[in-house]
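For the sequence shown, the numbering used here gives the first residue as 59, with consecutive numbering after it. Don't be surprised by glycine CBs; every beta carbon is placed ideally from N, CA and C. Read through the structure below, which is laid out as structure tokens, and then see the notes.
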Amino acid sequence: MRNFMDNLTKIPAGNVDVLHVSFDSWTRKREVPTLGTNTGAEKLPFQEWHHFKEAFTPELVAKAANGSKRELLRCADPFGGSGTTALTCQFIGVEPVTIEVNPYLADLIEAKLCTYDSDDLVRSLGQILKMVHFAKPSLKRFATLPPTFIESHNKERWIFNKPVAYQIAAYLDAIDTLPDSIHRRFFRIQLGGMLVNVSNVVINGKGRRYRRNWVSRFISPHEIDTLFCERSQKAILEVHTHRFRKEQKYTLIRGDCRQATADIGLIDGAIFSPPYPNSFDYTDVYNIELWVLGYLSRAPDNRMLRESTLCSHVQIKRAFPPPPKGSKHLAIVLKRLNGVRNDLWSPWIPEMVGGYFHDMKLVLEGLYSQLASEGEAWAVVGDSQYAGVPVPTAEILAELAPTVGYKVVNIEAFRSMRASAQQGGQEELDETLIVLRKR
Ligand SMILES: C[S@@+](CC[C@H](N)C(=O)[O-])C[C@H]1O[C@@H](n2cnc3c(N)ncnc32)[C@H](O)[C@@H]1O
Numbered sequence: 059m060r061n062f063m064d065n066l067t068k069i070p071a072g073n074v075d076v077l078h079v080s081f082d083s084w085t086r087k088r089e090v091p092t093l094g095t096n097t098g099a100e101k102l103p104f105q106e107w108h109h110f111k112e113a114f115t116p117e118l119v120a121k122a123a124n125g126s127k128r129e130l131l132r133c134a135d136p137f138g139g140s141g142t143t144a145l146t147c148q149f150i151g152v153e154p155v156t157i158e159v160n161p162y163l164a165d166l167i168e169a170k171l172c173t174y175d176s177d178d179l180v181r182s183l184g185q186i187l188k189m190v191h192f193a194k195p196s197l198k199r200f201a202t203l204p205p206t207f208i209e210s211h212n213k214e215r216w217i218f219n220k221p222v223a224y225q226i227a228a229y230l231d232a233i234d235t236l237p238d239s240i241h242r243r244f245f246r247i248q249l250g251g252m253l254v255n256v257s258n259v260v261i262n263g264k265g266r267r268y269r270r271n272w273v274s275r276f277i278s279p280h281e282i283d284t285l286f287c288e289r290s291q292k293a294i295l296e297v298h299t300h301r302f303r304k305e306q307k308y309t310l311i312r313g314d315c316r317q318a319t320a321d322i323g324l325i326d327g328a329i330f331s332p333p334y335p336n337s338f339d340y341t342d343v344y345n346i347e348l349w350v351l352g353y354l355s356r357a358p359d360n361r362m363l364r365e366s367t368l369c370s371h372v373q374i375k376r377a378f379p380p381p382p383k384g385s386k387h388l389a390i391v392l393k394r395l396n397g398v399r400n401d402l403w404s405p406w407i408p409e410m411v412g413g414y415f416h417d418m419k420l421v422l423e424g425l426y427s428q429l430a431s432e433g434e435a436w437a438v439v440g441d442s443q444y445a446g447v448p449v450p451t452a453e454i455l456a457e458l459a460p461t462v463g464y465k466v467v468n469i470e471a472f473r474s475m476r477a478s479a480q481q482g483g484q485e486e487l488d489e490t491l492i493v494l495r496k497r
């Protein structure tokens, strides 16, 4: 611990702009292969707290801020994710307002946006490590986890080996004793970001899959200690180094943007990427963190969370809202999807696609009501395809947006060498930047 304290005080003054830490000193003017995804680009401070494959780049946010007709003073992201828009806004001196429905991701965003006293964080880390060292093994807090989560003699497969589960529980118990809720969140997020690494599974666009060697894979409690300690130290150093961001304020709304967007208050712009209509449910992707960290404790909570997410998936049977009127492309897509219904892997896909554009229109309307005149919405959207029927998302949104009142000012395909994570690695599907301006 002492060495780490030394590191903090030894940060050369030249690394920290006394007035503010600039965007360039955060991104180090790195090269990004495409603005739509961080994949393949140099990793940035904060962005590795939880590796978020579906994130776009801070450079895209900076480009939108520079390229918008109206000066950005307050900027919204209705689909917060890992907080790229909000954090970048803080670096470039714009007040962010972000909505995120997934409580783990909302905590991830807030952990990045708030300000800390790094000496206090170091003290809290010391307290956690001491408590874990003296902890009596207990899995009590995991009593309500789904049955496949923890090793047991009557199961064939499990996500966490028992020694790993004991150690994670010890960390969570220790974190819970911290008096400061901001510190509790910070360390919960550091632990959350390493859960999949110490588990027997990997996560991809299709959900989770057991590692090939999971039966023989052994992670010792000591390895967990090392990982947690290293991650926490690195994160503390990052918040310390970047503590003087131009903007310190933020608004984070934990909830469903389909309702919340219309109440965010006056904004000059919005920069976001919604889930794509590709049946990818973020509740699945972050399910391990949601359960283990205690955001979910009952199956109905899981279902409720799924219902609060955009209609981009068919994981639960839900009443999909009717498709909006005003898009010829959407009408054609729905007709074609209905024609191949029997070939679809879920019969609900046509309703989901209709519901998706209903939801997107709702969010665009909410933003429109809060945008100042000539304010712009910059959205990165992705196409989809079912049984050979393409769903051209940008084209459909470009037809729906004018029915809300927007003028479509730019549509630009991201020609990525590498398909984005949101596209599940399918190279032929387009990812597009669409820019809408309030008339
Ligand atoms: C593509 S990700 C956003 C990634 C983000 N641009 C970034 O760089 O980190 C979409 C996010 O929308 C969230 N989301 C889905 N439905 C939502 C809803 N109804 N309200 C708010 N957020 C929602 C998901 O949980 C997910 O985090």
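Asked                                                                                                                                  : Found
Proximity test, residue 353 beta-carbon vs ligand 1 heavy atom, cut-off 8 Å                                                            : no
The stretch 420-439 contacting the stretch 323-330, beta-carbon criterion three pairs below 8 Å                                        : yes
Buried or exposed (CB count within 10 angstroms, at least 16 for buried), residue 141                                                  : buried
Check: residue 212 C-beta below 8 Å from any heavy atom of ligand 1                                                                    : no
Whole-angstrom C-beta distance between residue 308 and residue 144, which should lie under 8 Å                                         : 6 Å
Boundaries of the beta strand (DSSP E) in which residue 495 is found, first to last residue                                            : 489-496
Cβ pair residue 490, residue 440 closer than 9 Å                                                                                       : yes
Spatial neighbours of residue 315 in its chain, beta-carbon cut-off 6 Å, leaving aside the 5 residues before and after                 : 136, 157 and 421
Contacts around residue 372, its chain only, beta-carbon distance under 8 Å, and the 5 residues preceding and following it disregarded : 337, 404, 406, 407 and 410
Entirely enclosed beta strand (DSSP E) segments - the stretch 440-468, minimum 3 residues                                              : 442-444 and 447-449
Residue environment, residue 134, which counts as buried when at least 16 other CB atoms sit within 10 Å                               : buried
Whole-angstrom distance between residue 497 and residue 468, CA atom to CA atom                                                        : 14 Å
Any 3 or more C-beta pairs closer than 8 Å across the stretch 105-121 and the stretch 274-284                                          : no
Backbone secondary structure at residue 214 - three-state DSSP                                                                         : coil
Contact test: residue 157 Cβ vs ligand 1 heavy atom, cutoff 8 Å                                                                        : yes
Own chain, CB closer than 6 Å to residue 164, minus 5 neighbours either side, in chain order                                           : 158 and 312
Ligand 1 heavy atom lying under 8 Å from the CB of residue 160                                                                         : yes
Cβ contact (3+ pairs, closer than 8 Å) linking the stretch 220-239 and the stretch 81-97                                               : no
Cβ pair count under 8 Å reaching 3, the stretch 189-208 against the stretch 223-236                                                    : yes
Validate contact between the stretch 237-245 and the stretch 177-190 using beta carbons, cut 8 Å, 3 pairs                              : yes
Proximity test, residue 114 beta-carbon vs ligand 1 heavy atom, cut-off 8 Å                                                            : yes
Beta-bridge partners of residue 330, as assigned by DSSP                                                                               : 437
8 Å contact criterion, which residue 254 and residue 261 should meet: CB distance rounded                                              : 6 Å
The alpha helix (DSSP H) enclosing residue 324, as first and last residue numbers                                                      : From DSSP, residue 324 is part of no alpha helix (DSSP H); its letter is neither H nor E.
Alpha helix (DSSP H) segments (min. 4 residues) lying fully within the stretch 371-426                                                 : 386-397
Cβ distance (whole Å) where residue 322 is taken to contact residue 225 below 8 Å                                                      : Contact doesn't hold; Cβ gap of about 41 Å is too wide.
Candidates 102, 115, 465 and 172, of which the one nearest residue 303 by Cα                                                           : 172
Spatial distance of residue 125 from residue 105 (CA atoms)                                                                            : 24 Å
Distance between residue 155 and residue 78 (C-alpha atoms, nearest Å)                                                                 : 20 Å
Rounded straight-line distance, which links the Cα of residue 358 to that of residue 203                                               : 13 Å
Residues of its chain near residue 63, where Cβ-Cβ distance is below 7 Å and the 5 sequence neighbours each way are ignored            : Because the pLDDT at residue 63 is just 39, under 50, the model does not fix this residue reliably, and the value given afterwards should be weighed accordingly. Contacts found: 180.
As assigned by DSSP and simplified to three states, the class of residue 119                                                           : helix
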